[in-house]
Amino acid sequence: MNCDDVTRALGEGSPSRLEVQDHVRSCNRCQELVNALNAPVAVDSPSPATLRQITESIIADLRPVRPVAPARYLLAAIVGIFAFIVSIAVYQLGPRAIAVMTPLQTVTILGALAISTGLLAYSLVHQMVPGSRHRIPPRLLPVGITFALIVAIVVLFQFQSERNFWGNAWGCIRAGAPIGVLSALAFWLVLRRGAILSPGMTGAATGLLAGLVGTSVLEIHCPNLDAAHILVSHLGVAMLCALAGLVIGMATEAKRSTVDSLFSANRKET
Amino acid sequence: MFPQGVTPRPDAANNPQMESALQENVVPRPPLAELDCWMARYQQADPDAPAALVLALSPALLRFFRSQVASREQADDLLQETWMRIHRVRHTYRPGEPVLPWIYAIARRVRVDGYRRTRRVALREIAMEVLPELPAQVQARNPGPTFDTLVAGLPEAQREVVTMLKVGGLSLEEVARATSSTVGAVKQKAHRAYERLRKLLQIQADDGAKGAAR
Chain A
-15 MNCDDVTRAL GEGSPSRLEV QDHVRSCNRC QELVNALNAP VAVDSPSPAT LRQITESIIA
45 DLRPVRPVAP ARYLLAAIVG IFAFIVSIAV YQLGPRAIAV MTPLQTVTIL GALAISTGLL
105 AYSLVHQMVP GSRHRIPPRL LPVGITFALI VAIVVLFQFQ SERNFWGNAW GCIRAGAPIG
165 VLSALAFWLV LRRGAILSPG MTGAATGLLA GLVGTSVLEI HCPNLDAAHI LVSHLGVAML
225 CALAGLVIGM ATEAKRSTVD SLFSANRKET
Chain B
31 MFPQGVTPRP DAANNPQMES ALQENVVPRP PLAELDCWMA RYQQADPDAP AALVLALSPA
91 LLRFFRSQVA SREQADDLLQ ETWMRIHRVR HTYRPGEPVL PWIYAIARRV RVDGYRRTRR
151 VALREIAMEV LPELPAQVQA RNPGPTFDTL VAGLPEAQRE VVTMLKVGGL SLEEVARATS
211 STVGAVKQKA HRAYERLRKL LQIQADDGAK GAAR
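If you read the sequences in order, they're chains A and B. For the first sequence, the working numbering gives the first residue as -15, with consecutive numbering after it. For the second sequence, the working numbering gives the first residue as 31, with consecutive numbering after it.
See the structure below:
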């Protein structure tokens, strides 16, 4: 046992191990660290007036509330919305891409989209409830999913030279973006039941999920298998929606901050 | 119910209760089951519940804010804002889930919003006045090294984790939940924080030795 092991043990929350105790007793440097962590904390208790003011303002607006639904119901709602919109859109447009893709391409790309959807839905359900357990940091998830999908598309599909690249791309974006917007509205109806603490982060994740509805529809419908086309116009829909979600979320955050500062100033005056 | 004044500093070297030494800073709190029960009653609009929760949790929340922001007034504002936000989103607490990560996740967000607001105001006002240096102010108030002055040298994310662990008394799992992070990431931040504290203490000791030699 050395000083680094002690630091590691402290970081892992296991300072009471016997070897750690023995080392700390015999090492001045570690004793210093232990004492530092145990340095006095000035006890600033809130004033009774502040506590009374907080309690009174809460009691003035006290009414019963129903706790938010269990995570599995919310997850089912989000996945259900996703599946419902994809089914309706594919029914309307036709599954033309399935006929031209190889089974490997079909299974892999649709599997990747399904996994991405599941992970994003799971993350969003947990973002709705403060203090939830996150197995993947929600800040990294949209970036990771986008990167994984880019890799999957580049590996599965070939880059071909297209005559009317931007015209075809614009056609797919025009078809996919409204589906994304519609999905985002439907997801918002579920998300508003929770408490969104970081609107920017949640907005980006919701936008990406809504965009993936559009991407999934295009992947099943569009028979163009050029990798560049899929990246720009199919995955592009998801990325555009994620960007829009991020911007809307950040604008909400800024607005909330302004409202809070006005509220705070008003409270000080009263 | 809650301690007043300053938590005593035990001598770790001669303390037979070494295993509990690292827990000394933790603010005493009511049993978790009790908090859970009060939260459920709060959701059912029991008028006794808000008072009990505010009384039980506010000292620890205030200390959490005090370790992050400079003034008592700002910390009081953040405390009030936290309770208003807790009240607005009280339906998102699921009975049976741990209360503290839920509370601290909201408090953390209020602190971030407060920090952004303060920074915006400071950017407008900084040219008008010279701001006093915080460490000097703190040291003038208390010549001994306090927990706050020690963790002040840490980056914000590490300071937050150490404060939640040592002052809030949260477990690694609870800190991970409160910060929307993983237990592994919290362990890493805590480890880096302790390493940095060790270096800071070493520098402090070296400076002290040089001063004594002069």
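Even glycine gets a Cβ: it sits at the ideal position worked out from N, Cα and C. Source: prediction; values computed, not measured.
Which ranges does the alpha helix (DSSP H) cover as unbroken runs of at least 4 residues, wholly within the region 102 to 179 of chain A, from first to last along the chain?
Whole alpha helix (DSSP H) segments, 4+ residues: 125 to 140, 149 to 175.
### Message
Taking the beta carbon of E190 (chain B) as the centre, do at least 16 other beta carbons fall within 10 Å, making it buried, or is it exposed?
### Response
As a working mapping, residue 190 (chain B) is identified with position 160 in the second sequence. The residue in question, E190 (chain B), is buried, as its Cβ has 16 or more Cβ neighbours within 10 Å.
> Going by other Cβ atoms of all chains shown within 10 Å of its Cβ, with 16 needed for buried, is N148 (chain A) buried or exposed?
Replying inline: Within the first sequence, the letter at position 164 stands for residue 148 (chain A). Using a 10 angstroms sphere on the CB of N148 (chain A), the tally of other CB atoms stays under 16, which defines it as exposed.
Touch check for the region 58 to 78 of chain A and the region 121 to 131 of chain B: three-plus C-beta pairs under 8 Å? No, the region 58 to 78 of chain A is not in contact with the region 121 to 131 of chain B.
task: In angstroms with no decimal places, state the Cα-to-Cα distance between C(-13) (chain A) and Q5 (chain A).
output: Here residue -13 (chain A) is taken as the residue at index 3 of the first sequence, counted from 1. Here residue 5 (chain A) is taken as the residue at index 21 of the first sequence, counted from 1. Distance between the alpha carbons of C(-13) (chain A) and Q5 (chain A): 12 Å.
At the level of alpha carbons, what is the spacing between T148 (chain B) and A96 (chain A)? On the second sequence, position 118 is the one that residue 148 (chain B) refers to. On the first sequence, position 112 is the one that residue 96 (chain A) refers to. Here the alpha carbon of T148 (chain B) sits roughly 43 Å from the alpha carbon of A96 (chain A).
Sequence-distant residues of the same chain with beta carbon closer than 7 Å to G(-3) (chain A), five excluded per side:
The residue you call residue -3 (chain A) lines up with position 13 of the first sequence. In its own chain, leaving out the 5 sequence neighbours on each side, no residue places its CB closer than 7 Å to the CB of G(-3) (chain A).
Please list the terminal residues of the continuous alpha helix (DSSP H) segment that includes M185 (chain A).
Here the question's residue 185 (chain A) lines up with position 201 in the first sequence. Taken as a continuous stretch (DSSP letters only), the alpha helix (DSSP H) holding M185 (chain A) covers 183 to 205.
Open item on the list: If you reduce the DSSP assignment to three classes, tell me which class M85 (chain A) lands in.
Closed with: By 1-based counting over the first sequence, the position of residue 85 (chain A) is 101. In this structure, DSSP gives M85 (chain A) a state outside helix and strand, which the three-state scheme calls coil.
Give the range of the alpha helix (DSSP H) segment to which P102 (chain B) is assigned.
Here residue 102 (chain B) corresponds to residue number 72 of the second sequence, with the count starting at 1. Note on residue identity: the sequence assigns Arg, not Pro, to residue 102 (chain B). Looking at the DSSP string, the run of the alpha helix (DSSP H) that includes R102 (chain B) is 102 to 118.
Judging by CA-CA distance, which residue of A:R47, A:R240, A:A189 is the nearest neighbour of L103 (chain A)? Here residue 103 (chain A) is taken as the residue at index 119 of the first sequence, counted from 1. With distances taken between Cα atoms, L103 (chain A) lies closest to A:A189.
For E(-4) (chain A), which three-state DSSP category applies? What you label residue -4 (chain A) is simply residue 12 of the first sequence in a count that begins at 1. DSSP, reduced to helix, strand and coil, places E(-4) (chain A) outside both helices and strands of the structure shown, so it counts as coil.
CB-CB length for L65 (chain B) against L91 (chain B), believed under 8 Å
Counted from its first residue, the second sequence places residue 65 (chain B) at position 35. Counted from its first residue, the second sequence places residue 91 (chain B) at position 61. Not a contact, Cβ separation roughly 13 Å.
- Item | Distance between beta carbons of P79 (chain A) and I204 (chain A), contact taken as under 8 Å | Taking the first sequence and counting its residues from 1, the one referred to as residue 204 (chain A) is at position 220. Taking the first sequence and counting its residues from 1, the one referred to as residue 79 (chain A) is at position 95. Contact holds; Cβ gap of about 5 Å.
In whole angstroms, what separates the C-alpha of V(-10) (chain A) from that of S182 (chain A)?
Residue -10 (chain A) sits at position 6 when you count from the first residue of the first sequence. Residue 182 (chain A) sits at position 198 when you count from the first residue of the first sequence. Whole-angstrom Cα-Cα distance: 36 Å.
- Task: Please compile the residues from chain B whose C-beta is within a distance smaller than 8 Å of the C-beta of P48 (chain A).
- Result: As a first step, residue 48 (chain A) is located in the first sequence; it is residue number 64 there, counting from the start. In chain order: Q73, Q74, A75.
Task: Unbroken alpha helix (DSSP H) run spanning C14 (chain A), endpoints - done: As a first step, residue 14 (chain A) must be located in the first sequence, where it is residue number 30. Unbroken alpha helix (DSSP H) run through C14 (chain A): 12 to 21.
inquiry  = Closer than 9 Å between beta carbons: that is the criterion. Which residues of the region 123 to 152 of chain B meet it against chain A?
reply    = Against chain A - using a Cβ distance shorter than 9 Å - the residues of the region 123 to 152 of chain B are Y123, R124, P125, E127, P128, V129, L130, P131, W132, I133, Y134, A135, I136, R138, R139, V140, V142, D143, G144, R146, R147, R150, V151.
For the candidate residues A:T101, A:L108, A:A67, whose alpha-carbon lies nearest to that of V174 (chain A)?
Counting from 1 along the first sequence, the entry for residue 174 (chain A) is found at position 190. The closest CA to that of V174 (chain A), considering only A:T101, A:L108, A:A67, is found on A:L108.
Check your understanding: Are the Cβ atoms of T101 (chain A) and F66 (chain A) separated by less than 9 Å?
Key -> Your numbering for residue 101 (chain A) matches position 117 in the first sequence. Your numbering for residue 66 (chain A) matches position 82 in the first sequence. A contact, by the Cβ cut-off of 9 Å.
Would you mind working out which of A:P122, A:C206, A:N208, A:V84 sits nearest G184 (chain A), comparing C-alpha positions? For the purposes of this step, residue 184 (chain A) is identified with residue 200 of the first sequence, where counting begins at 1. Minimum Cα distance to G184 (chain A) is reached at A:P122.
How many Å lie between L227 (chain A) and G155 (chain A) at the Cα? For the purposes of this step, residue 227 (chain A) is identified with residue 243 of the first sequence, where counting begins at 1. For the purposes of this step, residue 155 (chain A) is identified with residue 171 of the first sequence, where counting begins at 1. Rounded to the nearest angstrom, the two C-alpha atoms are 20 Å apart.
Going straight from the alpha carbon of V74 (chain A) to that of V201 (chain A), what length do you get?
-> Residue 74 (chain A) sits at position 90 when you count from the first residue of the first sequence. Residue 201 (chain A) sits at position 217 when you count from the first residue of the first sequence. Cα-Cα distance, rounded: 6 Å.
Q) Relative to the C-alpha of P54 (chain A), which residue among A:F143, A:G198, A:V231, A:V113 is closest? A) Sequence index remark: in the first sequence, residue 54 (chain A) carries index 70 (1-based). Ranked by Cα distance from P54 (chain A), the first of A:F143, A:G198, A:V231, A:V113 is A:V113.
Does chain B have any CB closer than 9 Å to the CB of H205 (chain A)?
Residue mapping note: residue 205 (chain A) aligns to position 221 of the first sequence, counting from 1. Taking Cβ atoms only, chain B never reaches closer than 9 Å to H205 (chain A), which makes this a no.
**Asked** Whose Cβ in chain B lies nearer than 7 Å to the Cβ of V52 (chain A)?
**Response** Locating residue 52 (chain A) in the first sequence gives position 68, where the first residue counts as 1. Neighbours of V52 (chain A) in chain B, taken as residues at a C-beta separation under 7 Å, are given in chain order as H121, T122, R124.
Does any C-beta atom of chain B lie closer than 9 Å to the C-beta of E(-4) (chain A)? For the purposes of this step, residue -4 (chain A) is identified with residue 12 of the first sequence, where counting begins at 1. It does; some Cβ of chain B falls within 9 Å.
- [ ] Can you grab the Cα-Cα spacing for the pair T236 (chain A) / G(-5) (chain A), in whole Å?
- [x] One-based indexing of the first sequence puts residue 236 (chain A) at position 252. One-based indexing of the first sequence puts residue -5 (chain A) at position 11. Computed Cα separation, rounded: 36 Å.
Nearest-angstrom Cα separation, counted from L219 (chain A) out to L133 (chain A): Working through the first sequence from its first residue, we reach residue 133 (chain A) at position 149. Working through the first sequence from its first residue, we reach residue 219 (chain A) at position 235. Looking at the two C-alpha atoms, the distance is approximately 8 Å.
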